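Comments concern the structure below.
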Amino acid sequence: MHISEGVLSPAILIGGTVLTTAGVAIGLKKLDQDEIPLIGILSAAFFVASLIHVPVGPASVHLVLNGLLGLILGWKAFPAILVGLALQALLFQYGGITTLGVNTLNMALPAVICYYIFRQGLGKNAKRSVFALSAFFVGFLAVFFSGILVGFSLYFTGEAFLPAAKIVVLAHVPVMLIEGILTSACALFLRKVRPELLEGIYV
Amino acid sequence: MLETLPIYDSFLQRLDPRIKIISIFIFSILTAVSQKFNVLLLAFSISLAVFFTANIPIKEAIKRLIPVNTLVIFLWFFLPFTFKGNTVFTLFDLPVTLEGILLATMITVKSNVIMLMLIALTLSTPIVTIAHAMHEMKVPKKIVHLFFFTLRYIHVIHNEYIRLSNSMKIRSFKPKTNFHTYRTYAYMVGMLLIKSLERAQRVHNAMRCRGFNGNLYSLSNFSIQKTDKIVMAIMMILFLLLGIIEWTTIPLF
Chain L
266 MHISEGVLSP AILIGGTVLT TAGVAIGLKK LDQDEIPLIG ILSAAFFVAS
316 LIHVPVGPAS VHLVLNGLLG LILGWKAFPA ILVGLALQAL LFQYGGITTL
366 GVNTLNMALP AVICYYIFRQ GLGKNAKRSV FALSAFFVGF LAVFFSGILV
416 GFSLYFTGEA FLPAAKIVVL AHVPVMLIEG ILTSACALFL RKVRPELLEG
466 IYV
Chain Y
3 MLETLPIYDS FLQRLDPRIK IISIFIFSIL TAVSQKFNVL LLAFSISLAV
53 FFTANIPIKE AIKRLIPVNT LVIFLWFFLP FTFKGNTVFT LFDLPVTLEG
103 ILLATMITVK SNVIMLMLIA LTLSTPIVTI AHAMHEMKVP KKIVHLFFFT
153 LRYIHVIHNE YIRLSNSMKI RSFKPKTNFH TYRTYAYMVG MLLIKSLERA
203 QRVHNAMRCR GFNGNLYSLS NFSIQKTDKI VMAIMMILFL LLGIIEWTTI
253 PLF
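So, in structure tokens, the structure goes:
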């Protein structure tokens, strides 16, 4: 979920921007000029995924896919998500300019963390069941941590935001499960059809 | 949903994009950190003035303000009740505080003021021009390239998505809350990635064959005109004014 302009306190906005700048710098350093088309696609896919709605009971949620992005890209997820979110702000007015740092951090940091936690289980020689389970947790936890980070961004802005922050975290629960299932199935599919897409984690 | 943004011919549209981007950047930061209502009032007037030079239909602007205000409305359900302060009245036995209402109002004004300005920018400047301007403004080249590729592939992937979801419909796929649905969507996302990846590699190879060496050349040359300088000066004076009212006690209002 994107936090829009004008809600957060200056301290949070600055903190988010500084950390995102650091993350993007690391990502760019690892990013080779030749990889840009690939990363461009993934960040475009990340953008389009947010337009895909899947049903959950009577309601529907849109996909986030930050876990999948982290799984394929590692640190390079930072620039990819930054660009995706900048475009969402410009094209649809989701999020905004001053909140770009915080929003990128909230989505990209969990992706990078999950990448490092589950890297072993996603290796080339991992068993299918281990691979599927690891991918599930990447998708699941990436959204979980994102929800927590969004909640904390609101909470640190002011204690009055606490109930709203709790609701935001709760709203992430159904999304987590679906993201987990989807990331797992999608990663298995990619491993079968295009294993070289996942080679980032094999190194 | 992914139609290209309409660009309205206007005074704002003819300004140098770099000036617009810098102004909006400073303006957004000043407004976002402001804690005073008189600063926000001036900011609101500025954004309204800029908005009217952009010649954008009001209906279009209101449509684009909806996403911001969904979060704002969500916060209105909480903040007036949860912010500690003097109770003004009680609603369903819950005390509503003055401070809470003021905070929620402040957030509402800030969000809408900043967004109005952003809408004025995006509907007066093509996105590609914004990217070129970022390049001119020494944003890291890799980011600008990534921006261009992403912008291009959003449309490619979106079209591919429409094609795939149509072919799923033809095969009478009905999304429900079950594992089959989620797996189908997962495979669709995977297929989207693979198809687009192959396409990207083809395009990248074609670009290399035509001598792409990592440099971007813009067809439109940016040049600062006299009007640009005047607008920039006016904007800076206004921003200075915002800063003075916010951080000093000089009584300007």
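In order, the protein sequence lines correspond to chains L and Y. For the first sequence, the working numbering assigns the number 266 to the initial residue and increments by one for each residue that follows. For the second sequence, the working numbering assigns the number 3 to the initial residue and increments by one for each residue that follows. Note that beta-carbon positions come from the ideal geometry of N, C-alpha and C, so glycine has one too. This structure is a prediction, so every number in the text was calculated from the model and none was measured.
Selection from L:Leu336, L:Leu293, L:Ile279, L:Phe405 that minimises the alpha carbon distance to Y:Val35:
L:Ile279
Looking at L:Phe343: is its Cβ nearer than 9 Å to the Cβ of L:Ile291?
yes
In terms of residue numbering, what span does the alpha helix (DSSP H) encompassing Y:His157 cover?
143-172
Delimiting residues of the alpha helix (DSSP H) encompassing L:Ser325:
That residue, L:Ser325, is in no alpha helix (DSSP H); its beta strand (DSSP E) goes 324-327.
Unbroken beta strand (DSSP E) run spanning Y:Leu96, endpoints
In the DSSP assignment, Y:Leu96 falls within the beta strand (DSSP E) that extends over 96-99.
Measure from the C-beta of Y:Asn40 to each C-beta in chain L and report whether the shortest distance is under 9 Å.
no
Does the distance from the CB of Y:Val191 to the CB of L:Ala314 come in under 9 Å?
yes
Any idea what DSSP makes of L:Val319, helix, strand or coil?
strand
Neighbour-count burial assignment, L:Tyr380, 16 or more Cβ in a 10 Å radius
buried
Y:Arg16 versus chain L: which residues are under 8 Å apart at the beta carbon?
Within chain L, no residue comes near Y:Arg16; the closest Cβ sits about 20 Å away, beyond 8 Å.
Local conformation of Y:Phe91 per DSSP, three classes
Strand, per DSSP.
Output yes or no for whether 9 Å exceeds the beta carbon distance between L:Leu406 and L:Ile432.
no
Under 9 Å between the Cβ atoms of L:Leu334 and L:Phe311?
yes
Of all Cβ atoms in chain L, is any one closer than 9 Å to the Cβ of Y:Gly213?
No, no contact with chain L.
Taking 8 Å as the threshold, find out whether the stretch 65-77 of chain Y comes into contact with the stretch 88-103 of chain Y through three or more Cβ pairs.
no
For Y:Lys171, go through chain L and note every residue whose CB falls closer than 9 Å to its CB, in chain order.
Here the premise fails: no neighbours, minimum Cβ distance about 14 Å.
Could you tell me whether the Cβ atoms of L:Asn371 and L:Ser411 are closer together than 9 Å?
yes
Taking Cβ positions, are L:Leu455 and L:Leu447 nearer each other than 9 Å?
no
Closer than 7 Å between beta carbons: that is the criterion. Which residues of the stretch 361-393 of chain L meet it against chain Y?
Residues Gly361, Ile362, Thr363.
Within chain L, partners of Y:Thr131 - CB distance below 7 Å:
Correct list: empty, because the minimum Cβ distance to chain L is about 11 Å.
Can you check the stretch 34-75 of chain Y for any alpha helix (DSSP H) of at least 4 residues that lies completely inside it and give the ranges in chain order?
39-55
Y:Arg212, buried or exposed, once every other Cβ within 10 Å from all chains shown has been counted against 16
exposed
Spatial distance of Y:Arg204 from Y:Ile28 (CA atoms)
40 Å
From L:Ile443 to Y:Lys178, what distance separates their C-alpha atoms?
12 Å
Got a sec? Which residues, its chain only, sit under 8 Å from L:Val377 by beta carbon, not counting five neighbours each side?
Excluding positions up to five away in sequence, the list reads Gly288, Gly335, Gly339, Trp340, Ala342, Phe343.
Just how far apart, CA to CA, sit L:Leu352 and Y:Phe54?
24 Å
Roughly how many angstroms separate the alpha carbons of L:Pro375 and L:Ile413, rounded to a whole number?
Each residue's Cα considered, the two are about 10 Å apart.
Any beta strand (DSSP E) of 3 or more consecutive residues that is wholly inside the stretch 269-321 of chain L
List check, beta strand (DSSP E) in window: 318-321.
Could you check whether Y:Ser30 and Y:Leu153 sit closer than 9 Å to each other, using their CB atoms as the reference points?
no
Is the beta carbon of Y:Tyr187 less than 9 Å from the beta carbon of L:Leu453?
no
Span of the alpha helix (DSSP H) holding Y:His206?
181-211
Beta-carbon within less than 8 Å of Y:Met117's beta-carbon, same chain only, minus the 5 sequence neighbours each way: which residues are those?
Arg66, Leu67, Val70
Under 8 Å from the C-beta of Y:Pro142: neighbouring residues of chain L:
Among the residues of chain L, those whose CB is under 8 Å from the CB of Y:Pro142 are Leu293, following chain order.
Mind listing which residues of the stretch 434-455 of chain L have their C-beta closer than 7 Å to chain Y's C-betas, in chain order?
Residues Ile443, Ile446, Leu447, Ala450, Cys451, Phe454, Leu455.
What is the DSSP secondary structure of Y:Ala135, counted as helix, strand or coil?
Taken through DSSP and simplified to helix, strand or coil, Y:Ala135 comes out as helix.
Short check: CB of Y:Ala122 to CB of Y:Val233, under 9 Å?
no
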